[in-house]
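Peer 1: Pasting a structure here, questions to come.
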Amino acid sequence: MVHLAFAQTPKQPNVIVIITDDQGYGDLGSTGNPHVKTPVLDKFAQESVRFNNFYVSPVCAPTRSSVMTGRYSLRTGIRDTYNGGATMAQNEVTIAEMLKQANYRTGIFGKWHLGDNYPFRPNDQGFDESVIHLAGGMGQVGDVTNYFKGDRSYFDPVLWHNGVQEAYTGYCSDIFAEQAMDFIQENKERPFFCYLSFNAPHTPLQVPDKYYEMYKDIDPASGFDHDGRPFPHMSEKDKEDARKVYGMVTNIDENMGKLLDTLDRLNIADNTIIIFMTDNGPQQSRYIAGMRGKKGSVYRGGVRVPFFIKNPAFKADKEVETAAAHIDLLPTIAELCHVDLPKSKKVDGRSLVPLINSSNPKWPERYLFFYWTRRYPELYNNIALQKGDYKLVGHTSYDSPITEFELFDIKKDPYEQSNIISKNTELAKTFKTDLDALYYELISSENLMHPPRIEIGNANENPTILNRNDADGERGIWNQEEIYGKWNVKVNAGVYHIKLKFIKPVATGGNLLFEAGNVVTRKKVQGPITDSIEMNNVYLPDMECEILPYYLVDKKKIFPFWVQMEKIN
Numbered sequence: 001m002v003h004l005a006f007a008q009t010p011k012q013p014n015v016i017v018i019i020t021d022d023q024g025y026g027d028l029g030s031t032g033n034p035h036v037k038t039p040v041l042d043k044f045a046q047e048s049v050r051f052n053n054f055y056v057s058p059v060c061a062p063t064r065s066s067v068m069t070g071r072y073s074l075r076t077g078i079r080d081t082y083n084g085g086a087t088m089a090q091n092e093v094t095i096a097e098m099l100k101q102a103n104y105r106t107g108i109f110g111k112w113h114l115g116d117n118y119p120f121r122p123n124d125q126g127f128d129e130s131v132i133h134l135a136g137g138m139g140q141v142g143d144v145t146n147y148f149k150g151d152r153s154y155f156d157p158v159l160w161h162n163g164v165q166e167a168y169t170g171y172c173s174d175i176f177a178e179q180a181m182d183f184i185q186e187n188k189e190r191p192f193f194c195y196l197s198f199n200a201p202h203t204p205l206q207v208p209d210k211y212y213e214m215y216k217d218i219d220p221a222s223g224f225d226h227d228g229r230p231f232p233h234m235s236e237k238d239k240e241d242a243r244k245v246y247g248m249v250t251n252i253d254e255n256m257g258k259l260l261d262t263l264d265r266l267n268i269a270d271n272t273i274i275i276f277m278t279d280n281g282p283q284q285s286r287y288i289a290g291m292r293g294k295k296g297s298v299y300r301g302g303v304r305v306p307f308f309i310k311n312p313a314f315k316a317d318k319e320v321e322t323a324a325a326h327i328d329l330l331p332t333i334a335e336l337c338h339v340d341l342p343k344s345k346k347v348d349g350r351s352l353v354p355l356i357n358s359s360n361p362k363w364p365e366r367y368l369f370f371y372w373t374r375r376y377p378e379l380y381n382n383i384a385l386q387k388g389d390y391k392l393v394g395h396t397s398y399d400s401p402i403t404e405f406e407l408f409d410i411k412k413d414p415y416e417q418s419n420i421i422s423k424n425t426e427l428a429k430t431f432k433t434d435l436d437a438l439y440y441e442l443i444s445s446e447n448l449m450h451p452p453r454i455e456i457g458n459a460n461e462n463p464t465i466l467n468r469n470d471a472d473g474e475r476g477i478w479n480q481e482e483i484y485g486k487w488n489v490k491v492n493a494g495v496y497h498i499k500l501k502f503i504k505p506v507a508t509g510g511n512l513l514f515e516a517g518n519v520v521t522r523k524k525v526q527g528p529i530t531d532s533i534e535m536n537n538v539y540l541p542d543m544e545c546e547i548l549p550y551y552l553v554d555k556k557k558i559f560p561f562w563v564q565m566e567k568i569n
């Protein structure tokens, strides 16, 4: 736990941050989508301060780390959405930790995606109450409790309540909203921070029949013939995906209505700050208000999202055109809640309060940095720097001349269709110089140079389950059987029972090798075909090391789906 000293005030506002997963800028009625039904969110937007040029990272874990810390994700140790790169360093100071020092109760409900094991879980990073799924998506390979449910992983899931598995009944978005409302009810007499982090409409696109029925007969590509903005090609699969996404979004909209009603019923709406945003662009092709790109892209379609902030103290129905970003949430909340920023960390963002309160604030221009490639950022590949009206984009080699980059005037060309670099090479060179400086600063961050390690054998989490989302090694580890993988860990000395689970049953007669640093343990496996193998009474010393388990059989080297390690002595 990070200990900080903060000022307090007698009447501190409650804070609710609502973030959805893979809901693009165009997946709202208020942003011009004629198909999706979002009456609650549309009304909420009209009653809020709307930031019309709000930016995030192209993918989810980097966005979430920036939201939580006010820092670019690479500073926090987050460099990927899996492949062992979605673990945020425990030395980071989260919004929850910041507000707890000001006597706030803190809760998270839904998606965390910043570390599934001690000391990186929400309950290790400042949250008093947490009900979450594992990994980056429910039913994905890292979500060990729901993966094998297949196309029903969003229904009746097994979630993690304060670090302990617990079965729930219903649809995931309803569950997370209900848990958030219970938390609000329980803490209505004191200041609270509620982080409602829906996993929808992320894949797999599972939606209750009631909501799918609303959209099953629509053509999501229709209604834009005279729009005048670029519109992406939609395959039949894209159209079917859009129908499901819109159903999932309408479900979120209804849950948003229930949450707002709860605040009114408890008479605390007047002292509650509510933020709604999404984490990146859409994963599939559909309406995105004419912008170029989607999830994973540094073009605006991948990084521009809706952002609404509401409080009765603010002027309602206000639009802000100044560029803002995910890194600005922590400093904004700090100012609104009258707490000091963390002193031990460089905060990249700045408070948005001047933009909220003034029509002509002193707001100097600044650079915003975007990147996305697997494992680590690749110099000049899907990378961008934006300042004022201009944006430099690289989709090229590390040694390319400036003329192979793209430069856009996003005020005149908001859809990024016209590359103006040939007539503005000197301006582009200035941007590239600053891009280089920031890139090298970020990749040299302490938490990136010395990646966070899962702690094994700690009393705060025993047993520990090492999942595929956090497996490092070969690029793109997912649900393959034969692939090189490992986990970076810190082991507390002791005797361990170890269980290895495989995706498919494996033939016996082979050898299981469990490597933990310089300790290598081999076991001959006999008996019937099985999908799990145990190694009991294995002694491991104190060490920081890599765990490399694999099963050798029939000329195959099979990597386990997950590994459970329980310290028994």
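Here the sequence shown is numbered in full-length UniProt numbering, starting from 1 and rising by one per residue. C-beta: ideal position from N, C-alpha, C; glycine also.
(1) Rounded to whole angstroms, what's the CA-CA distance from arginine 453 to glycine 228? Just pull it up for me.
(2) Measuring alpha carbon to alpha carbon, tell me which residue in Thr63, Leu114 and Asp21 is nearest histidine 326.
(3) Do valine 144 and asparagine 467 come within 8 angstroms of each other at the CB atom, strictly closer than that value?
(4) Can you say whether asparagine 488 is buried or exposed, counting buried as having 16 or more other CB atoms within 10 angstroms of its CB?
(5) Tell me which residues share the same chain as glycine 517 and place their Cβ nearer than 6 angstroms to its Cβ, disregarding the 5 neighbours each side in the sequence.
(6) Could you spell out where the beta strand (DSSP E) holding valine 303 opens and where it closes?
(7) For the segment 401-446, list the beta strand (DSSP E) runs that are entirely contained and at least 3 residues long, ordered along the chain.
(8) Enumerate in chain order the residues of its own chain whose CB-to-CB distance from glycine 142 is below 8 angstroms, with the five nearest sequence positions on each side excluded.
(9) For proline 34, count neighbouring C-beta atoms within 10 Å of its own C-beta (all shown protein chains included) and say buried if the count is 16 or more, exposed if not.
(10) Can you name the start and end residues of the alpha helix (DSSP H) that proline 331 belongs to?
(11) Residue range of the alpha helix (DSSP H) that tyrosine 398 falls in?
(12) Just to confirm the assignment: which complete alpha helix (DSSP H) runs, minimum length 4, are found wholly within the segment 22-82?
(13) Span of the beta strand (DSSP E) holding asparagine 537?
(14) Under 7 angstroms Cβ to Cβ from asparagine 462, same chain only, skipping five residues before and after it: list those, please.
(15) Going along the chain, which unbroken runs of the alpha helix (DSSP H) with 4 or more residues stay wholly within the segment 242-299?
(16) DSSP three-state call for leucine 355: helix, strand or coil?
(17) CB aspartate 554 to CB arginine 375, shorter than 8 angstroms?
(18) Are three or more beta carbon pairs between the segment 157-167 and the segment 495-503 nearer than 8 angstroms?
(19) Quick one, are the C-beta atoms of glycine 257 and tyrosine 212 less than 8 angstroms apart?
(20) Please go through the same chain and pick out, in chain order, the residues whose beta-carbon is closer than 6 angstroms to the beta-carbon of tyrosine 287, but skip the five residues on each side of it.
(21) Assuming contact is defined by CB atoms lying nearer than 8 angstroms, are tyrosine 415 and arginine 292 in contact in what I supplied?
(22) If you reduce the DSSP assignment to three classes, tell me which class phenylalanine 193 lands in.
(23) Going by DSSP, what residues sit across from leucine 512 in a beta bridge?
Peer 2: Taking the coordinates as given:
(1) The count along the sequence shown starts at 1 and reaches residue 453 at position 453. The count along the sequence shown starts at 1 and reaches residue 228 at position 228. Cα to Cα, arginine 453 sits roughly 51 angstroms from glycine 228.
(2) Within the sequence shown, numbered from 1, the residue matching residue 326 stands at position 326. Closest by alpha carbon: Thr63.
(3) Counting from 1 along the sequence shown, the entry for residue 467 is found at position 467. Counting from 1 along the sequence shown, the entry for residue 144 is found at position 144. Taking C-beta atoms as the reference points, asparagine 467 and valine 144 count as a pair closer than 8 angstroms.
(4) Here residue 488 refers to the residue found at position 488 when the sequence shown is read from its first residue. Buried, by the Cβ-count rule.
(5) For the purposes of this step, residue 517 is taken as the residue at position 517 of the sequence shown. Excluding positions up to five away in sequence, the list reads Met543 and Cys545.
(6) For the purposes of this step, residue 303 is identified with residue 303 of the sequence shown, where counting begins at 1. Run containing valine 303: none in the beta strand (DSSP E); it sits in the alpha helix (DSSP H), 300-303.
(7) 406-409
(8) Here residue 142 refers to the residue found at position 142 of the sequence shown. Answer for glycine 142: Tyr82, Asp116, Leu134, Ala135, Gly136, Asn467, Arg468, Asn469 and Asp470, listed in chain order.
(9) Here residue 34 refers to the residue found at position 34 of the sequence shown. By the 10 Å Cβ count, proline 34 comes out exposed.
(10) In the sequence shown, counting from the first residue as 1, residue 331 sits at position 331. First-last of the alpha helix (DSSP H) with proline 331: 329-336.
(11) Position 398 of the sequence shown, counting from 1, holds the residue named residue 398. No alpha helix (DSSP H) holds tyrosine 398; DSSP gives it neither H nor E.
(12) Those alpha helix (DSSP H) runs which fall completely within the segment 22-82 and span 4+ residues are 39-46, 60-69 and 73-76.
(13) Taking the sequence shown and counting its residues from 1, the one referred to as residue 537 is at position 537. Where asparagine 537 is concerned, the enclosing beta strand (DSSP E) stretches over 530-540.
(14) Here residue 462 refers to the residue found at position 462 when the sequence shown is read from its first residue. So the qualifying residues of the chain are Glu566 and Lys567.
(15) none
(16) Locating residue 355 in the sequence shown gives position 355, counting from the first residue. Correct three-state label for leucine 355: helix.
(17) Mapped onto the sequence shown, residue 554 falls at position 554. Mapped onto the sequence shown, residue 375 falls at position 375. No, Cβ-Cβ distance for aspartate 554 and arginine 375 is not below 8 angstroms.
(18) No, the segment 157-167 does not touch the segment 495-503.
(19) Position 257 of the sequence shown, counting from 1, holds the residue named residue 257. Position 212 of the sequence shown, counting from 1, holds the residue named residue 212. Taking C-beta atoms as the reference points, glycine 257 and tyrosine 212 fail to come closer than 8 angstroms.
(20) Residue 287 sits at position 287 when you count from the first residue of the sequence shown. For tyrosine 287, where only same-chain residues beyond five positions count, the Cβ hits under 6 angstroms are Gly26 and Asn33.
(21) On the sequence shown, residue 415 is found 415 positions in, with the first residue counted as 1. On the sequence shown, residue 292 is found 292 positions in, with the first residue counted as 1. Cβ atoms of tyrosine 415 and arginine 292: closer than 8 angstroms.
(22) The residue you call residue 193 lines up with position 193 of the sequence shown. If DSSP states are grouped into helix, strand and coil, phenylalanine 193 belongs with the strands.
(23) For this step, residue 512 is matched to residue 512 along the sequence shown. In DSSP, leucine 512 forms a bridge with Lys523 and Tyr551.
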